[in-house]
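Below: the structure, in C-alpha cells.
Right, here's the structure in full:
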C-alpha cells in the first residue's frame, strides 16, 4: 500500500502532542501504532483489559484531528441493519397512505430512495470518509457473523445498497477497533488491522494521567492513589481497576478533603475504584496491607 500524500500528522511526536492536548497521554508504542494506522489507512485494533484507555484513545484522536467521532457500540446479537443502514418504514407507510388519499400512483422503488434511508454508524463513516474517526467498540461482544460482515466492509470501505447503489469512501475514515478479549477475534480481521495491546500504565505514567485528567488532585494524593490501585490490581479481584477508576478514586478523595489514602477514608470510598461486591470485601480485608504499602 502506498503512503498517502497528505498524512494528517507529520510524526509520532506530533501525534503524541496532539493527544496530550486532549488530556490523553499515549506512550511511544501506542502513538506509533496510531500514527502508522493513520498514515497507511489501516484499521487499528486495540486490545487490553477494560479501563486501560482504548475507547478514550479513539475519542482523543477524533478531537485532536478535528474529525467527527462515529461510534459503533457492539453487543451480542448486533446485525448488519443495526450497524449499516435501515429503512424508515413508518415514513414509507405514511407516504403510501398519503398517495392513496390523493389517488396517486407511485412506483414501489421510489419508496426506497435516500430520503427514507436511516443511516447507521458504518454508513455514516463511509460517507464522512477522512473527516471521521470510526470507533468500533468492544467487537468481542459481537458474534462471528457480524465480525465477518465488518471485515467485508473494512476491506473496501464500500457497501452496495440494492435500492440505491454502491457507496464508497473517497478516502477511508480512521478506524479504531477495541476488544476486551472476552473472546478471540478471527485471524482474518487481525490481518486487516495494525495491532496494539494496551497495558495498565506504569506508576509514574498513572500519576501523570491522574494529574492531567484531575488537575485539582494534589500530586502527593495522586501518587498514593496510583500506588494503592497498583496493589489492588495484584489482588485476586474479578475486575482489575482501570485508569478511569484511579481518576474517579482520586477525585472522590480530593472532594472529601483527603490529602492521603488512609484506612478509614479509603474504605469509605472503595466503591469508586472497585465495582464488585466480592472485590470490595477482598479489598477491605487487605486494606491495611494496601495502605500500609504506601510507606
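Numbering (the working numbering), first residue to last: 20 to 314.
Glycine included, C-beta positions come from ideal geometry on N, C-alpha and C.
- Item | Element boundaries [beta strand (DSSP E), containing residue 215] | Segment 213-216, the beta strand (DSSP E) holding residue 215.
- Query: Quick one: Cα of residue 177 to Cα of residue 142, how far?
  - Reply: About 9 Å.
- List the endpoints of the continuous beta strand (DSSP E) containing residue 92. In the DSSP assignment, residue 92 falls within the unbroken beta strand (DSSP E) covering 87-92.
- With residue 173 as the anchor, note down where its alpha helix (DSSP H) starts and where it stops. If you look at residue 173, you'll find it in the alpha helix (DSSP H) that goes 163-175.
- Query: Among 201, 56, 150 and 194, which one has its Cα closest to the Cα of residue 74?
  - Reply: Nearest C-alpha to residue 74: 194.
- Message: Let me check understanding here. Comparing Cα to Cα, which of 283, 280, 244 and 279 lies closest to residue 264?
- Response: Checked all of 283, 280, 244 and 279; the closest Cα to residue 264 is 244.
- Item | Element boundaries [alpha helix (DSSP H), containing residue 198] | Note, residue 198: premise wrong, no alpha helix (DSSP H); beta strand (DSSP E) at 193-198.
- Given residue 137 as reference, the closest of 253, 305, 213 and 180 once Cα atoms are compared: Minimum Cα-Cα distance from residue 137 among the listed residues 253, 305, 213 and 180 corresponds to 180.
- Given a cut-off of 9 Å, decide if residue 148 and residue 185 are closer than it, judged by their beta-carbon atoms. No, they are not a contact pair.
- Message: Tell me the rounded alpha-carbon separation between residue 51 and residue 171.
- Response: C-alpha separation (whole angstroms): 26 Å.
- Item | Helix, strand or coil at residue 160 according to DSSP, with G and I counted as helix | Helix.
- Message: Suppose the cutoff is 7 Å on Cβ atoms and the five residues either side in sequence are ignored; what does the same chain contact list for residue 44 look like?
- Response: Correct list, in chain order: 224, 227, 228 and 231.
- Message: Do residue 81 and residue 154 count as a contact pair if the criterion is CB distance below 9 Å?
- Response: Yes. Within cutoff.
- Spatial neighbours of residue 248 in its chain, beta-carbon cut-off 8 Å, leaving aside the 5 residues before and after: Close CB contacts of residue 248 within its chain, under the 8 Å cut and outside five residues either way in sequence, are with 225, 260, 264, 265, 268 and 292 (chain order).
- Message: I'd like the list of long-range same chain contacts for residue 32, defined as Cβ closer than 7 Å, with 5 residues on each side in sequence excluded.
- Response: Within the same chain, residue 32 has no close Cβ partners at all.
- Query: If we count the other Cβ atoms within 10 Å of its Cβ and call it buried at 16 or more, is residue 234 buried or exposed?
  - Reply: When all chains shown are included, residue 234 counts as exposed.
- Of all the options 34, 271 and 69, which has the alpha carbon lying nearest to the alpha carbon of residue 57? Considering only alpha carbons, the answer is 34.
- Task: Indicate the three-state DSSP secondary structure (helix, strand or coil) for residue 31 in the structure shown.
- Result: Three-state result, residue 31: helix.
- If we count the other Cβ atoms within 10 Å of its Cβ and call it buried at 16 or more, is residue 314 buried or exposed? With a pLDDT of only 49 at residue 314, under the threshold of 50, the placement of this residue in the model should not be trusted; the figure read from the coordinates follows. Residue 314 should be labelled exposed.
- Message: According to DSSP, residue 230 sits in a beta bridge with which residue or residues?
- Response: According to DSSP, which records beta bridges pairwise, residue 230 is partnered with nothing at all.
- When DSSP labels each residue in this structure, what does residue 244 get in the three-state scheme? Reduced to three states, the DSSP call for residue 244 is helix.
- Query: From residue 220 to residue 112, what does the alpha carbon distance come to, in whole angstroms?
  - Reply: C-alpha of residue 220 to C-alpha of residue 112: approximately 54 Å in a straight line.
- Item | Nearest candidate by alpha-carbon position, reference residue 208, set 274, 70, 187 and 62 | Looking from the CA of residue 208, the closest CA among 274, 70, 187 and 62 belongs to 62.
- Query: With a CB to CB cut of under 6 Å and the five nearest residues on each side skipped, what residues in its chain are close to residue 122?
  - Reply: Unreliable positioning characterises residue 122 in this predicted model, as indicated by a pLDDT of 49, which lies under 50. The coordinate reading is nonetheless provided below. Once the five neighbours on either side are set aside, residue 122 has no close Cβ partner at all.
- Excluding five sequence neighbours on each side, which residues of the same chain lie with their C-beta closer than 8 Å to the C-beta of residue 21? At residue 21, the pLDDT of 45 sits below 50, so the modelled position is not reliable; the number obtained from the coordinates is stated separately. Shown here for residue 21: not one same chain residue has a beta carbon closer than 8 Å to its own, the five before and five after excluded.
- Task: Inspect the beta-carbon positions of residue 281 and residue 237 and report whether they are closer than 9 Å.
- Result: Their beta carbons are not under 9 Å apart, which means residue 281 does not touch residue 237 by this criterion.
- Starting from the C-beta of residue 48, find all residues in its chain whose C-beta is less than 8 Å away, skip the five residues before and the five after it, and write them out in chain order. Cβ neighbours of residue 48 within its own chain (closer than 8 Å, five residues either side excluded): 215.
- Query: Between the C-alpha atoms of residue 6 and residue 241, what's the straight-line distance to the nearest angstrom?
  - Reply: Only positions 20 to 314 of the chain appear in this structure, which leaves residue 6 out of reach.
- Query: By the 10 Å Cβ neighbour count, where 16 or more other Cβ atoms means buried, how is residue 276 classified, buried or exposed?
  - Reply: Flag for residue 276 reads exposed.
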